[in-house]
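Chains as they are written, first to last, in my numbering: chain A, 4 to 290; chain B, 23 to 362.
Structure record follows, encoded as structure tokens.
Rendered as structure tokens:
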């Protein structure tokens, strides 16, 4: 592998890793703060991708579609939390697994009824269509860099929100000790709604920005969900920082194994996970 | 984590009667002359195989409190084992291939279990799922192992014993009775196990692992043994499945089948093995019903699952017990959560 190829793969891994982080951050926050295992998280990614395809067809503008789609996804997450999830915070993990598994069925079929089972593609917007010349013999698609930038910006925003703002302080307090936070006058119900809607929104935006890179297809949610689990397990449940580190690790391992040793590429990240668990059964950053 | 749900270890009379009637019904079913009975015999065989699979999961989920979202890995592995053990032109002998497949899957469960049983609760759920995916991709990505298309099992195992050909698994009815016999045997074995010192230790771990450790039980060894045994029994089910359908593919190890098994155990009622059987039959029956009703059956299935979680957390056996019993029996093992 020459240097140019190496650099391309490196950029691809970072882009994939950041995308995974957007999904895993929602998953780990929803678990860390509300104690809910959400198997349906992958379907929010699928929902985002289909929304990007559908809305782009309506508006003829991917950027507008992403903004509208993100708002729709957040509203959807808010409604879902209010309708179903809030009844499950104190239930068994097993019940949550089942509830969200049932939801996967429902969302998949709803998608099939609304938008069919075809594979779609979304065009890269005009503005970012093209390649950037990094060195003499190396060009890289602009859109992929934009995706990385968007994901990095959202990751940074999430970090600032949680560690620097008043709302973030309340979120952390609620995760640390719910009763104590409530007795201090923090409205935990409201915090939960926000975190859940935020998680759904992040997953959907990840699906939307990824739509032009990967195609839009029915089973896209479940493969990405399992990757997210791996990220969350490696990073340590409830740790957003762990999710970032683990997502980048998974991105690197997955991308480079696909190029260098394609025979084991499907398994590589699971081997990474097993190796991490051998030494750190609770993940790298146990919170 | 799921201790409070396993409340029917000692099966009430009504449930015992239900199970006995069910077994008897299955035993006479192939004798009833009816149209397309071959189809139903085959379908019931499949349900019985899934019931064995669900029971093996219940040993972890209901008895020990370990919710595995990757149990299908062992089901699929044994199916592949049969495919590999069967030569291209002759059947393989049942008498050694079944034990080899079950022991092999048990061994795989032992290795994976070494990693997973150290984790708890939600971690266990995620890690078992991730390991099952690892096995899935091992087969999915490798052409040598059949790849995404899977493999054919060209011959059903041969059950000739010392020249006696009494059991011919090629015959649907004989296969049905063979499966029924294994179902009853494994049920009896697991019920026996449940009330053995080993089974009591597993229940103790479900209820309070810290206390079990404090009184001197090495919980790691107990959980690993349960995980291995559950893997081997899932292997028996997977072997039968492959023998019946004559075909294996990576989907047999997939996330969906693992989740189905969990659903079956919950739907029936956890921790007593009878529930797993009832749940497997009920779940499959409901799914067939929905599939006949509409092509959007997944919508109904999903709603059905959500409703069960909302309204019948103790499963069908819990419901039967409540309807027929005088009063809800308190769970002897149940205890109130103490502050840490």
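The C-beta atom is built at its ideal place from N, Cα and C for all residues, glycine as well.
CB of residue i within 9 Å of CB of residue j, strictly
i                      : j                      : result
residue 86 of chain B  : residue 254 of chain B : no
residue 69 of chain B  : residue 263 of chain B : no
residue 184 of chain A : residue 167 of chain A : no
residue 239 of chain B : residue 104 of chain B : no
residue 152 of chain B : residue 92 of chain B  : yes
residue 150 of chain A : residue 22 of chain A  : yes
residue 206 of chain A : residue 51 of chain A  : yes
residue 58 of chain B  : residue 194 of chain B : no
residue 290 of chain B : residue 339 of chain B : yes
residue 114 of chain A : residue 53 of chain A  : yes
residue 25 of chain A  : residue 158 of chain A : yes
residue 287 of chain B : residue 204 of chain B : no
residue 149 of chain B : residue 138 of chain B : yes
residue 80 of chain B  : residue 297 of chain B : yes
residue 223 of chain A : residue 238 of chain A : no
Cutoff 9 Å: residue i Cβ touching any chain B Cβ
i                      : result
residue 221 of chain A : no
residue 151 of chain A : no
residue 127 of chain A : no
residue 274 of chain A : yes
residue 144 of chain A : no
residue 202 of chain A : no
residue 47 of chain A  : no
residue 195 of chain A : no
residue 190 of chain A : no
residue 184 of chain A : no
residue 42 of chain A  : yes
residue 256 of chain A : no
residue 232 of chain A : yes
residue 218 of chain A : no
residue 124 of chain A : no
residue 215 of chain A : no
residue 270 of chain A : yes
residue 34 of chain A  : yes
residue 166 of chain A : no
residue 285 of chain A : yes
residue 102 of chain A : yes
residue 106 of chain A : yes
residue 120 of chain A : no
residue 236 of chain A : yes
DSSP beta-bridge partners of residue i
i                      : result
residue 115 of chain B : B:180
residue 3 of chain A   : Because chain A here runs from 4 to 290, residue 3 of chain A falls outside it and cannot be looked at.
residue 269 of chain B : B:174
residue 157 of chain B : In DSSP, residue 157 of chain B forms no bridge with anything.
residue 219 of chain A : A:123
residue 186 of chain B : B:183
Contact with chain A by residue i, beta-carbon distance below 9 Å
i                      : result
residue 26 of chain B  : The predicted position of residue 26 of chain B is uncertain, since its pLDDT is 44 and thus under 50; a value taken from the coordinates is nonetheless stated next. With 9 Å as the cut-off, residue 26 of chain B counts as an interface residue toward chain A.
residue 335 of chain B : yes
residue 148 of chain B : yes
residue 93 of chain B  : no
residue 356 of chain B : For residue 356 of chain B, the predicted structure reports a pLDDT of 48, less than 50, and the residue's modelled location is therefore unreliable. A value from the coordinates is still provided. No, its Cβ sits nowhere closer than 9 Å to a Cβ of chain A.
residue 30 of chain B  : no
residue 227 of chain B : no
residue 315 of chain B : no
residue 23 of chain B  : Residue placement at residue 23 of chain B is poorly supported in this model, since its pLDDT is 40, which falls under 50; the coordinates still yield a value, given next. Yes, residue 23 of chain B lies at the interface with chain A (some Cβ there is under 9 Å from its Cβ).
residue 252 of chain B : no
residue 143 of chain B : yes
residue 235 of chain B : no
The alpha helix (DSSP H) enclosing residue i, as first and last residue numbers
i                      : result
residue 240 of chain A : Taken as a continuous stretch (DSSP letters only), residue 240 of chain A belongs to no alpha helix (DSSP H), as it is neither H nor E.
residue 103 of chain A : 96 to 118
residue 48 of chain A  : 44 to 62
residue 12 of chain A  : 6 to 37
residue 284 of chain B : 277 to 290
residue 199 of chain B : 194 to 216
residue 67 of chain A  : 65 to 86
residue 87 of chain B  : Premise fails: residue 87 of chain B is in no alpha helix (DSSP H) and is neither H nor E.
residue 229 of chain B : 219 to 229
residue 269 of chain A : 268 to 282
residue 91 of chain A  : First-last for residue 91 of chain A: undefined, no H or E at that position.
residue 169 of chain B : Unbroken run through residue 169 of chain B: none, as it is neither H nor E.
residue 103 of chain B : 94 to 107
CB contact below 9 Å: residue i versus chain E
i                      : result
residue 286 of chain B : No chain E is present in this structure, whose protein chains are A and B.
Q) Hey, which unbroken runs of the beta strand (DSSP E) at 3 residues or more fall wholly within the segment 138 to 190 of chain A? A) Runs of the beta strand (DSSP E) inside the segment 138 to 190 of chain A: 141 to 144.
Q. What alpha helix (DSSP H) runs, 4 residues minimum, are completely inside the segment 297 to 337 of chain B?
A. Secondary structure remark: continuous alpha helix (DSSP H) runs of at least 4 residues inside the segment 297 to 337 of chain B, in chain order: 319 to 333.
Q.
As an exercise, report each continuous alpha helix (DSSP H) stretch of at least 4 residues that is fully enclosed by the segment 31 to 61 of chain B, in chain order.
A. Scanning the segment 31 to 61 of chain B from its first residue to its last, the whole alpha helix (DSSP H) runs of 4-plus residues come out as 35 to 50.
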